[in-house]
Amino acid sequence: MDLLRKIWPTPFKIEKGNIVSFLIQLIIFLVITAVVGWLIAILAKIAIVGIIFGLIGSLMGIYGLVGIVLCILKFLGIV
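Here our numbering is used: the first residue of the sequence shown is 1, the next is one more, and so on.
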């Protein structure tokens with residue numbers, strides 16, 4: 001659990017049943033993931049470094065998905 005807290009610190013700031021903190025953290029994950037994903041998609045079109053940026057984009061997508069799942073689990077009091 002300590003490893004999860006180090007990698008994804010923001011979902012653990014959510015209190016069980018507090019919808020305001022849940023929505024704020026969820027919006028933060030969605031916006032940051034969308035903006036960074038959009039920038040990486042633009043940079044992935046460059047021929048030589050496109051593969052690297054494609055991999056980074058995939059990792060960002062996974063990071064955002066796990067962060068959203070942790071937010072939901074923390075809101076429900078499972079984690």
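Positions of the beta carbon are idealized from the N, C-alpha and C atoms, including for glycine.
Boundaries of the alpha helix (DSSP H) in which residue i is found, first to last residue
i, result
"residue 33", "19-43"
"residue 79", "Careful: residue 79 lies outside any alpha helix (DSSP H) and carries neither H nor E."
"residue 6", "2-7"
Counted within 10 angstroms of its Cβ, other Cβ atoms place residue i as buried (16 or more) or exposed
i, result
"residue 9", "exposed"
"residue 86", "Here the chain comprises residues numbered 1 to 79, so residue 86 is not present and cannot be evaluated."
"residue 74", "buried"
"residue 14", "buried"
"residue 67", "buried"
Pick from the options that is closest to residue i, judged by C-alpha positions
i, options, result
"residue 62", "49, 45, 43 and 29", "29"
"residue 39", "49, 53 and 15", "53"
"residue 43", "23, 32, 12 and 56", "56"
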